[in-house]
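In case it helps, the working numbering puts the sequence shown at residues 1 to 368.
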Amino acid sequence: MTGGGSGCSNLAVPLTENGPCRINEDATTALNPHSWTSEANVILLDQPTNVGFSYDNSSGTVLNEKEVQENMYWFLQGFLDKHPEFEGRALYLAGEGYAAHYVPAAAHYIWSENLAVKKENATLRINLQGIIIGNGLVNPVVQMPHVLNMATKNSYNINLLKPTDVTTAKEAAPVCNQLMDVCQTNSSACPGASRYCSSALLDVMDGSRRNKFDIRKECDSGDPTRCYNSSAVIQYLNSNTVRTYLNVSDEVPPLEQCSSLNRKLYSTDLMKNFDGYIADLLNNGDVRVLIYSGDADLVCNWRGSEAWTKQLKWKYYQAFNDVEEQDFLMAGEVDTTVAGSIRSSNQFTSFVYSRLVTWLQGSTSNRS
Numbered sequence: 001m002t003g004g005g006s007g008c009s010n011l012a013v014p015l016t017e018n019g020p021c022r023i024n025e026d027a028t029t030a031l032n033p034h035s036w037t038s039e040a041n042v043i044l045l046d047q048p049t050n051v052g053f054s055y056d057n058s059s060g061t062v063l064n065e066k067e068v069q070e071n072m073y074w075f076l077q078g079f080l081d082k083h084p085e086f087e088g089r090a091l092y093l094a095g096e097g098y099a100a101h102y103v104p105a106a107a108h109y110i111w112s113e114n115l116a117v118k119k120e121n122a123t124l125r126i127n128l129q130g131i132i133i134g135n136g137l138v139n140p141v142v143q144m145p146h147v148l149n150m151a152t153k154n155s156y157n158i159n160l161l162k163p164t165d166v167t168t169a170k171e172a173a174p175v176c177n178q179l180m181d182v183c184q185t186n187s188s189a190c191p192g193a194s195r196y197c198s199s200a201l202l203d204v205m206d207g208s209r210r211n212k213f214d215i216r217k218e219c220d221s222g223d224p225t226r227c228y229n230s231s232a233v234i235q236y237l238n239s240n241t242v243r244t245y246l247n248v249s250d251e252v253p254p255l256e257q258c259s260s261l262n263r264k265l266y267s268t269d270l271m272k273n274f275d276g277y278i279a280d281l282l283n284n285g286d287v288r289v290l291i292y293s294g295d296a297d298l299v300c301n302w303r304g305s306e307a308w309t310k311q312l313k314w315k316y317y318q319a320f321n322d323v324e325e326q327d328f329l330m331a332g333e334v335d336t337t338v339a340g341s342i343r344s345s346n347q348f349t350s351f352v353y354s355r356l357v358t359w360l361q362g363s364t365s366n367r368s
């Protein structure tokens, strides 16, 4: 698994969502019965460098996903040097939110390197089998316009905008689209596109006092990362016992949820499209792709995910679009319930159900 929001640590995920333990309010631990580690070996990679407890010894700073993908590849090579028993094991890269940039980029780099390995008939150490992206920002050009749709028409009949704000946002949407289009070929235009689109299409909803990651919940903060109390998690991770156990260097400062420096640096890539990497992986046919989305998420909402997956240009584009969407059923102790809807064809699967699936619907995520 790799991290979420640009420049933000992902260490909270295994402690609140899919790891073996949950953190209580008093910073003690409790077993998580729905941990992914009960089904597979899990590596949590907190990146880029200078995020969370990750650091490097050089003066260079990782600036974008192209540099992240190389770092991730060589991290895996170094891991296998120390743990050769995992060589050749099936590998799935997973991430949520902004990791929809990291995961396709890293997977594509690994896939490209593996092609060279196969040509030389050498041993394949990193056996990439698939990628998993949850509520991810893969193609902002396609996805961002659907923020307005989700704000006024959603499964919960919650209206996040006043009529005057709807008009303002609709007028701003074409400008946002133009800026994002320019960003795809001119990186210097990307920070401006990011600022404008975020302000015009997301910040305008702050008055709704709703959690943008889960519109069913109220939240006083315009920043959805502040809608969850992570103080106990931060306290736990910064304890001397945990830092010592994780072998965190004394040179590494106390953990913060997000790095303002890294977030600023990554604004260049935020509005870039990364779906081309996924098309290459699917066209090759050896890598499976799972895209899951929650129906209560606004920021990277299911409407946008549905749109980009249907518009993705790959060799089985038509077959994927022709497949009828079906209910995803989960067998419970008493009866079977509908956990979401699913569309799947030729290694590509799109799945819609509850936001923060690994947190709110842990038993479902283990079956998907």
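All C-beta atoms in this analysis are idealised placements derived from N, C-alpha and C, irrespective of residue type, glycine included.
Can you tell me the Cα-Cα spacing of residue i and residue j, whole angstroms?
i, j, result
"residue 351", "residue 251", "42 Å"
"residue 40", "residue 163", "48 Å"
"residue 195", "residue 310", "27 Å"
"residue 361", "residue 290", "Here residue 361 scores only 49 on pLDDT, less than 50, and its place in the model is too uncertain to base an answer on."
"residue 113", "residue 93", "16 Å"
"residue 99", "residue 274", "11 Å"
"residue 324", "residue 132", "21 Å"
"residue 277", "residue 349", "16 Å"
"residue 300", "residue 97", "7 Å"
"residue 363", "residue 189", "Legend: pLDDT at residue 363 = 49, less than 50; position of this residue unreliable, no value from coordinates given."
"residue 34", "residue 18", "7 Å"
"residue 329", "residue 312", "26 Å"
"residue 126", "residue 236", "33 Å"
"residue 353", "residue 292", "7 Å"
"residue 47", "residue 159", "36 Å"
"residue 49", "residue 337", "42 Å"
"residue 322", "residue 316", "10 Å"
"residue 314", "residue 280", "8 Å"
"residue 148", "residue 244", "46 Å"
"residue 215", "residue 192", "27 Å"
"residue 118", "residue 161", "53 Å"
So residue i and residue j are supposed to be a Cβ contact under 8 Å. How far apart are they, rounded?
i, j, result
"residue 294", "residue 135", "6 Å"
"residue 169", "residue 201", "6 Å"
"residue 271", "residue 140", "5 Å"
Among the options, which one has its Cα closest to the Cα of residue i?
i, options, result
"residue 297", "18, 30 and 152", "152"
"residue 203", "215, 186 and 223", "223"
"residue 241", "117, 28 and 48", "28"
"residue 282", "118, 346 and 216", "346"
"residue 101", "67, 126 and 327", "67"
"residue 378", "79, 212, 115 and 123", "Because the chain here runs from 1 to 368, residue 378 falls outside it and cannot be looked at."
"residue 206", "71, 180, 337 and 165", "165"
"residue 145", "107, 51 and 307", "307"
"residue 72", "22, 108 and 85", "108"
Determine which residues share a DSSP beta bridge with residue i and list them.
i, result
"residue 330", "337"
"residue 289", "131 and 348"
"residue 8", "258"
"residue 218", "210"
"residue 22", "30"
"residue 92", "130"
Would you decide whether residue i is buried or exposed? Buried here means 16 or more other CB atoms lie within 10 Å of its CB.
i, result
"residue 10", "buried"
"residue 74", "exposed"
"residue 226", "exposed"
"residue 24", "exposed"
"residue 120", "exposed"
"residue 32", "buried"
"residue 115", "exposed"
"residue 257", "buried"
"residue 65", "buried"
Cβ of residue i within 7 Å of any heavy atom in the ligand MG?
i, result
"residue 157", "The ligand MG is absent from the structure shown, which contains no ligands of any kind."
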